[in-house]
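Novice: So in this note's numbering, spot 10 of the sequence shown is number 14, and the numbers just go up one at a time.
Note that CB positions come from ideal geometry on N, CA and C, so glycine has one too.
Provided herewith is a single structure, encoded as structure tokens, for subsequent inquiry.
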Amino acid sequence: RVLEEAAKTASEEMLKATAEELDSPCTEEMAAFDKFARYFEDESYDFIVLDTAPTGHTLRLLDLPFQYAQQTALAAAEAQNASAAQRAADARFQKLIARLKDPSLTAFAFVFYPEATPILESHRAFLDLQAAGIHAQFLVANMVLSPEQASNAFLARRRAMQQRYLLEAHRRFGLPVLVLPMVEKELKGLAALADLGRILAAEGGRREQREEFGKAAGLREASH
């Protein structure tokens, strides 16, 4: 699509350079960012939920608007007469960055397995986001064994390990931790997502009850 539009006005040399640019490793990320930005700009949705790729890819995606804003601002500063397109791009990136940083508009939650490496990776991403002025609001621990599921010695040990890492996650992040239990099937489809929402809502209510109990007892919540 980009090449088709460029072919209307550009020379052969310009088209060749554009084709090489589009073949660069970052082109896919740029396209993903553009789609990401379009969702943010679409006012027809009440909520937009982005279930992103693993941590490293997500951080690269979130870093793109900051990089692009710097590039367009630099280009505008160097050019005495910045083009309308450059000014529009800069305004677009600045608006997106402001929305990402506004906790009343954007909520971030890290979903992790209660194990050592996922917690370390999530915490590193948590600190990177903080440095960019973006703050996570809560954590979700996934595939956590319930007491009823720990029906043999092996599963009981696994559950005990998970409980230790839930404590570790709470200590490291200082954020609420919602717990999603291990389920039999993959969560796919609207009905499954509705069930997931009910589980999260119930877990959130239980967490609030624990916090109120902890305050009344003069204790700080430490486990879930």
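Given a cut-off of 8 Å, decide if L149 and L133 are closer than it, judged by their beta-carbon atoms.
Specialist: no
Novice: Within a Cβ cutoff of 7 Å, which residues of the same chain sit near T110, ignoring the five residues on either side of it in sequence?
Specialist: Contacts found: R103 and L104.
Novice: Across the stretch 116-129 and the stretch 158-176, are there enough close Cβ pairs to call them in contact, namely three or more that are closer than 8 Å?
Specialist: Verdict: yes, contact present.
Novice: According to DSSP, what are the bridge partners of L143?
Specialist: Looking at the DSSP assignment, L143 forms a beta bridge with F114 and V181.
Novice: Check the C-beta distance from Y169 over to A120 and give it rounded, since I have them as a contact under 8 Å.
Specialist: 7 Å
Novice: Within this structure, are the beta carbons of V181 and L131 separated by less than 8 Å?
Specialist: no
Novice: Considering only the beta carbon of each residue, do A145 and F112 sit closer than 8 Å?
Specialist: In this structure, A145 lies away from F112, with their beta-carbon atoms at least 8 Å apart.
Novice: What do you get for V183, buried or exposed, if any count of 16 or more other CB atoms within 10 angstroms of its CB means buried?
Specialist: buried
Novice: Measuring alpha carbon to alpha carbon, tell me which residue in D55, F44 and G201 is nearest D106.
Specialist: The candidate whose alpha carbon is nearest that of D106 is F44.
Novice: According to DSSP, is E82 helix, strand or coil?
Specialist: Note on E82: pLDDT 49, under 50, position unreliable in the model; the coordinate value appears next. Looking at E82 - three-state DSSP - the assignment turns out to be helix.
Novice: By a C-beta neighbour count over all protein chains shown, 10 Å radius and 16 as the cutoff for buried, is P122 buried or exposed?
Specialist: buried
Novice: Which residues in the same chain as F217 place their Cβ atom closer than 6 Å to its Cβ, once the five residues preceding and following it in sequence are excluded?
Specialist: In this prediction, F217 scores a pLDDT of 37, lower than 50, which makes its location untrustworthy; the coordinate-derived value is nonetheless stated afterwards. Excluding residues within five positions, none has a Cβ falling inside 6 Å.
Novice: Could you check how far apart the C-beta atoms of L191 and L200 are, in whole angstroms? I think they sit under 8 Å.
Specialist: 6 Å
Novice: Taking all protein chains shown into account, do 16 or more other C-beta atoms lie within 10 angstroms of the C-beta of F51, making it buried, or fewer, making it exposed?
Specialist: exposed
Novice: In whole angstroms, what separates the C-alpha of G137 from that of L54?
Specialist: One C-alpha to the other measures close to 19 Å.
Novice: Could you check the C-alpha separation between T187 and F177 for me, to the nearest Å?
Specialist: Residue identity check: residue 187 is Val in the sequence provided, not Thr. V187 and F177: Cα-Cα distance of roughly 26 Å.
Novice: Buried or exposed for E207, going by 16 or more other Cβ atoms inside 10 Å?
Specialist: buried
Novice: Do the CB positions of Q153 and P118 come within less than 8 Å of each other?
Specialist: No, they are not a contact pair.
Novice: Whole angstroms are fine: how far does the CA of R96 sit from the CA of A198?
Specialist: Each residue's Cα considered, the two are about 34 Å apart.
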